[in-house]
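These notes are about the structure you will find just below.
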Amino acid sequence: MSLDTFNAKSFLDVHDKRYTFYRLDAVPGFEKLPYSLKVLAENLLRTEDGKNVTAGHISTLAHWDPNAQPKDEIQFTPARVVMQDFTGVPCIVDLATMREAVSELGGDPDSINPLNPAEMVIDHSVQIDIFGQANALERNMDIEYGRNKERYQFLRWGQGAFDNFTVVPPGTGIVHQVNIEHLSRVTMTQERDGTLLAYPDTCVGTDSHTTMVNGLGVLGWGVGGIEAEAAMLGQPVSMLIPRVVGFKLRGEIPAGATATDVVLTITDMLRRHGVVGKFVEFYGEGVGAVPLANRATIGNMSPEFGSTAAIFPIDEVTLEYLRLTGRSEEQIALVEEYTKAQGLWHDPDNEVEYSEYIELDLSTVVPSIAGPKRPQDRIALSDAKQAFHKALPSYTDDPGQDRPHKVTPLTINGTQTSIDHGSVAIASITSCTNTSNPSVMVAAGLLAKNAVARSLTSKPWVKTSMAPGSQVVTDYYEKAGLWPALEALGFHLVGYGCATCIGNSGPLPEEVSAVVNEADLAVVSILSGNRNFEGRINPDIKMNYLASPPLVIAYALAGTMDIDFDTEPLGQDSAGKDVFLADIWPTPQEVQETIDHSVNREMFESSYADVFAGDERWQSLATPTGATFTWDPDSTYVRKAPFFEGMTMELTPVSDIHQARVLAKLGDSVTTDHISPAGAIKPDSPAGRYLADHGVDRRDFNSYGSRRGNHEVMIRGTFANIRLRNQLLDGVEGGYTYNFLTKQQDSIYDASMSYQATGTPLIVLGGKEYGSGSSRDWAAKGTALLGVKAVIAESFERIHRSNLIGMGVLPLQFPQGQTADSLGLDGTEIFTITGITELNEGRTPPTVRVSAQSQNGQSIEFDAVVRIDTPGEADYFRHGGILQYVLRSLAQ
């Protein structure tokens, strides 16, 4: 039952409907808050219950001090949960398992049901097996359904079994693009106590790029699947009131630069500034000049610069986009009237106070790429050749005067040619960041048109692909007449999904793969994505770069990273004249005129008219029924989760850690891709051997991401990234460790099993930014199932730290300024960690004592900082994890 201590409940009449809402101006102080904190303030007013949310919490937010360090905890209740299938399948597996577990604890299985809308878009499973031909889309989708039939049947069961759970079938688009183009309401409505309640649309998502919706003024961010499940079941998200960075945009993007270049520049700036755990909010006069597509592109990359959210306020630009994308006039009117009534409408003259300030003059943005292994490593395009030369020696020992060379003959499709270090093996227009933005997508199409007119072609060794974020892109390419040129360069439609960006680039052509591996070439991928972490894009490719869609095509034409576009031609035209990138680059006017003539509301209305129905493949799937799922013991895709086995209503007391061994000692910037890879499964890996033992042919292994519904595959895949460097071993890459029981090298999985058989607890040592990257719940689930009790790192990224707690793994931080190396730890020590038991008494100790006994008998001792940051997180840890906490609450 909601309380209303501040008498905030009021009424709003729009289009002959009366809405109840909670007025922000009922609480003095709320008017001074930044936009994003006003959204949180309304959330607290509306959900005040005297327990999770109290009048004290509301008053604390009203008296927010922008200069203070975050210390005050609040409970945020998102309006809805958004999922993609890689992270969504394990969520539904867990919910299905919880239905059985709650029955065993004496509760009602029907209590396990999403209480607010939970929406899944299946977009992560399409792989680019077929490319460069007209039927690539249909063939890739046929293969996708063949590979993923079990998963899709399971999701169709979930859609029927759970209330408030809907699925957007494969082949529709990328979750974040579908979210901004269709799913987002901007202002939500709900029947409550006989009245129609209006409130801001907010969401959490099981993909870190959920922040794309911030471009619409919708506050939301990525959480692990573990937190998402709890949110689905009505648990608020525990958080500290954050610092808010005010970001002022001014000026205009110069000709030659794109929205992609803007977002790579902002990513670089904010990474340098430091915004981890903070909100970023765009404000000032310049906001109104930023198109919605560019706002969404910027919001999308929030995880890359590290902020929790990167939000734009609501204004006329927002309403224009809602109108363009087919929202009803009634909904648009509600958004406008509600937002203005609440003081949430953008007023550039009303500058609120922020915690920190940063500013970008858009006219200073230059064409850029990022790489070769992190999205925040921006390189001005004019410096790209030089930067490639500088980076290459890290990927090969081959000699060369200007840079290492190994020119190697290649015969492909009957053509004799050669490739070298730096040859572009993949050029892919893919990912939600850019494929949602007509300005960069049309620019790519026009550049292709100009290139074909000058007789340029993509190099024969480049695997080219076009994976738009929604069917609307296909429609406006069709209307603008851009498909013929794109296809002439090999950029055929291959699917609607994340594709290359999530590691579903598919295999390189056999001839290319064989030469690359035999000669050990450091070849390159170039993609219009947001993620280029090591080992993610393709197992044959060592160097990965991000770029705008038109630059992806330019690099496909060049065929190499070893080019200076200013001084070196892309090729020659039919008259033998050199053609430079500047000769074919479209003007901003051309791009805008094409958008004006080609993108319209009818395309969105048509594409989303029956978005949940799916095609014939989806509708013909045989679907199980019933409130509980019938698990197939032979399934290699979907298995009952092990997290609730033996669970009782009574808590098992938290204990100190004694005589622990180090499973892995890792360096800086270890990402969730390193911890839980999403891409290909190697045949000789523990996961590959498991699948082979269960009768799965190598060609049907699929990816780690697609197998997240099977814990047996995922535990074997934890720390199995082919580029992982475990410092317990010298010069070894991949999922290996030193097994102190057998005194020899072992796979991390096999070593873990032997440690667990002897009752030996395990820890992981890490560096800075441990767990950065995707909001990947299996990075924490797998860590816990491997028997890891604590991770000690220099610093953590937000989502992974909270996910570790959500799985009962203790995140600890080295003392300020200290590292494993500075303390003299090499990972061979035996660790004891004491002081954890204070949690049993309802207190969270600020530090715990770590004692490491080395092989020579020396003891290294230090106080590690406990990174359980809120009382809510402490409760989850005491229960052994967030799901156990929720399950016990529901069973009561």
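The opening position of the sequence shown corresponds to residue 1128 in our numbering, with each subsequent residue numbered one higher. Note that beta-carbon positions come from the ideal geometry of N, C-alpha and C, so glycine has one too.
Along the alpha helix (DSSP H) that carries PRO1938, what are the first and last residues, could you check?
Taking the sequence shown and counting its residues from 1, the one referred to as residue 1938 is at position 811. It is not in any alpha helix (DSSP H) - PRO1938 instead sits in the beta strand (DSSP E) that spans 1937-1940.
Can you tell me whether LYS1792 is buried or exposed, with buried defined as 16 or more other CB within 10 angstroms of its CB?
Here residue 1792 refers to the residue found at position 665 when the sequence shown is read from its first residue. Looking at its Cβ environment, which holds 16 or more other Cβ atoms inside 10 Å, LYS1792 is buried.
Would you decide whether MET1568 is buried or exposed? Buried here means 16 or more other CB atoms lie within 10 Å of its CB.
Translated into positions along the sequence shown, residue 1568 becomes position 441. So MET1568 ends up on the buried side.
Going by beta carbon distance, what residues of the same chain come within less than 6 Å of ALA1575, once the five residues before and after it are set aside?
Here the question's residue 1575 lines up with position 448 in the sequence shown. Closer than 6 Å at Cβ, skipping near neighbours: ALA1612, LEU1613, LEU1616 and ILE1680.
Could you check the C-alpha separation between ALA1736 and PHE1292 for me, to the nearest Å?
The residue labelled residue 1736 in the question sits at position 609 within the sequence shown. The residue labelled residue 1292 in the question sits at position 165 within the sequence shown. Distance between the alpha carbons of ALA1736 and PHE1292 is about 19 Å.
Can you find at least 3 beta carbon pairs, one from the stretch 1191-1208 and one from the stretch 1240-1253, that sit closer than 8 Å?
yes
Rounded to a whole number of angstroms, what is the C-alpha to C-alpha distance between ALA1911 and ARG1835?
Within the sequence shown, numbered from 1, the residue matching residue 1911 stands at position 784. Within the sequence shown, numbered from 1, the residue matching residue 1835 stands at position 708. Each residue's alpha carbon lies about 15 Å from the other.
Contacts around ILE1690, its chain only, beta-carbon distance under 7 Å, and the 5 residues preceding and following it disregarded:
Numbered from 1 along the sequence shown, position 563 holds the residue referred to as residue 1690. Closer than 7 Å at Cβ, skipping near neighbours: LYS1512.
8 Å Cβ cutoff met for ASN1848 and TYR1863:
Counting from 1 along the sequence shown, the entry for residue 1848 is found at position 721. Counting from 1 along the sequence shown, the entry for residue 1863 is found at position 736. For ASN1848 and TYR1863, no; Cβs fall outside 8 Å.
Please look up how many angstroms separate the CB atoms of ILE1954 and LEU1855, rounded, as I've assumed it's under 8 Å.
For the purposes of this step, residue 1954 is taken as the residue at position 827 of the sequence shown. For the purposes of this step, residue 1855 is taken as the residue at position 728 of the sequence shown. According to the sequence as given, residue 1954 is Gly; it is not Ile. Right, the Cβ-Cβ distance comes to about 5 Å (below 8 Å), so this counts as a contact.
Using a Cβ-Cβ cutoff of less than 6 Å, which residues in the same chain neighbour HIS1142 once the five nearest sequence positions on both sides are dropped?
By one-based count along the sequence shown, residue 1142 stands at place 15. Excluding sequence neighbours, HIS1142 sits near GLU1457 and ALA1460.
Would you mind listing the beta strand (DSSP E) stretches within the stretch 1346-1422 that are 3+ residues and don't spill past its ends, in chain order?
1346-1349, 1364-1367, 1371-1377 and 1406-1410
Do you know offhand how far PRO1780's Cα is from THR1601's?
Here the question's residue 1780 lines up with position 653 in the sequence shown. Here the question's residue 1601 lines up with position 474 in the sequence shown. Straight-line Cα distance between these residues: approximately 57 Å.
Would you list the one or two residues that DSSP bridges to ASN1671?
The sequence position of residue 1671 within the sequence shown is 544, counting from 1. Paired residues: SER1652.
May I have the straight-line CA-CA distance separating LEU1451 from ARG1728, to the nearest angstrom?
If you number the sequence shown from 1, residue 1451 lands on position 324. If you number the sequence shown from 1, residue 1728 lands on position 601. If I take the Cα positions, the gap works out to 5 Å.
First and last residue of the alpha helix (DSSP H) that includes ALA1468?
On the sequence shown, residue 1468 is found 341 positions in, with the first residue counted as 1. Segment 1456-1468, the alpha helix (DSSP H) holding ALA1468.
Enumerated in chain order, which unbroken segments of the alpha helix (DSSP H) with a length of 4 residues or greater are wholly contained in the stretch 1161-1193?
1162-1174 and 1182-1189
For ALA1436, three-class secondary structure by DSSP
Counted from its first residue, the sequence shown places residue 1436 at position 309. The answer is strand: DSSP assigns ALA1436 an E or B state.
Taking the CB atoms as reference points, tell me whether VAL1650 and SER1550 lie closer together than 8 Å.
For the purposes of this step, residue 1650 is taken as residue 523 along the sequence shown, with counting starting at 1. For the purposes of this step, residue 1550 is taken as residue 423 along the sequence shown, with counting starting at 1. Cβ distance < 8 Å, so VAL1650 and SER1550 count as in contact.
Would you call VAL1414 buried or exposed, if buried means 16 or more other Cβ atoms sit within 10 Å of its Cβ?
Here residue 1414 refers to the residue found at position 287 when the sequence shown is read from its first residue. So VAL1414 counts as buried.
Using a Cβ-Cβ cut-off of 7 Å (strictly less than) and excluding sequence neighbours within five positions of SER1675, which residues of its own chain qualify?
Along the sequence shown, one-based indexing puts residue 1675 at 548. The residues are THR1385, THR1387, ASP1388, ASN1561, VAL1567 and SER1655.
So, for PRO1381: in the same chain, excluding its five sequence neighbours on each side, which residues have a beta-carbon less than 6 Å away from its beta-carbon?
The residue labelled residue 1381 in the question sits at position 254 within the sequence shown. Closer than 6 Å at the Cβ level, and outside the excluded window around PRO1381, lie SER1490.
Taking the C-alpha atoms as reference points, what is the distance between ASN1477 and HIS1336?
Counting from 1 along the sequence shown, the entry for residue 1477 is found at position 350. Counting from 1 along the sequence shown, the entry for residue 1336 is found at position 209. Their Cα atoms are separated by approximately 29 Å.
What does the alpha-carbon distance come out to for the pair HIS1927 and GLU1354?
The count along the sequence shown starts at 1 and reaches residue 1927 at position 800. The count along the sequence shown starts at 1 and reaches residue 1354 at position 227. Straight-line Cα distance between these residues: approximately 11 Å.
Note down, one range per segment and in chain order, each beta strand (DSSP E) of at least 3 residues found wholly within the stretch 1226-1301.
1245-1248 and 1292-1295
Can LEU1282 and VAL1294 be called in contact, C-beta distance under 8 Å?
The residue labelled residue 1282 in the question sits at position 155 within the sequence shown. The residue labelled residue 1294 in the question sits at position 167 within the sequence shown. It is a contact, given that the beta carbons lie within the stated cut-off.
Integer Cβ distance of HIS1593 from ILE1653, believed to fall under 8 Å
Looking up residue 1593 in the sequence shown gives position 466. Looking up residue 1653 in the sequence shown gives position 526. It is Met, not His, that sits at residue 1593 in the sequence shown. Actually they do not touch by this definition, with Cβ atoms about 14 Å apart.
Might you give, ordered along the chain, the residues of its own chain that have their beta carbon closer than 7 Å to the beta carbon of VAL1220, omitting 5 neighbours on each side?
Residue numbering aside, residue 1220 sits at position 93 when the sequence shown is read from its first letter. Cβ within range, chain order: VAL1765, ALA1768 and GLY1836.
For LYS1606, which residues from the same chain have a beta carbon less than 7 Å from its beta carbon, with the 5 sequence-adjacent residues on both sides left out?
By one-based count along the sequence shown, residue 1606 stands at place 479. Excluding residues within five positions, the ones whose Cβ falls inside 7 Å are SER1725.
Secondary structure, alpha helix (DSSP H): runs of 4+ residues fully inside the stretch 1789-1832
1799-1802 and 1813-1820
In whole angstroms, what is the alpha-carbon distance linking ALA2018 and CYS1218?
Taking the first residue of the sequence shown as position 1, residue 2018 is located at position 891. Taking the first residue of the sequence shown as position 1, residue 1218 is located at position 91. Roughly 19 Å separates the two Cα atoms.
Do you know how far the Cα of PHE1923 is from the Cα of THR1435?
In the sequence shown, residue 1435 corresponds to position 308, counting from 1. In the sequence shown, residue 1923 corresponds to position 796, counting from 1. Between THR1435 and PHE1923, the C-alpha separation is close to 13 Å.
Excluding five sequence neighbours on each side, which residues of the same chain lie with their C-beta closer than 6 Å to the C-beta of ALA1357?
The residue given as residue 1357 occupies position 230 in the sequence shown. Closer than 6 Å at Cβ, skipping near neighbours: ILE2009 and VAL2013.
So, at 8 Å on beta carbons, what are the nonlocal neighbours of PRO1197 in its own chain, with the 5 sequence-adjacent residues on each side left out?
Here residue 1197 is taken as the residue at index 70 of the sequence shown, counted from 1. Excluding sequence neighbours, PRO1197 sits near LEU1367, ILE1368, PRO1369, ARG1370 and GLY1404.
ASP1152 to LEU1242 span [Cα, whole Å]:
Locating residue 1152 in the sequence shown gives position 25, where the first residue counts as 1. Locating residue 1242 in the sequence shown gives position 115, where the first residue counts as 1. The straight-line gap from Cα to Cα measures roughly 29 Å.
Can you name the start and end residues of the alpha helix (DSSP H) that GLU1614 belongs to?
Residue numbering aside, residue 1614 sits at position 487 when the sequence shown is read from its first letter. Note, GLU1614: alpha helix (DSSP H), 1610-1615.
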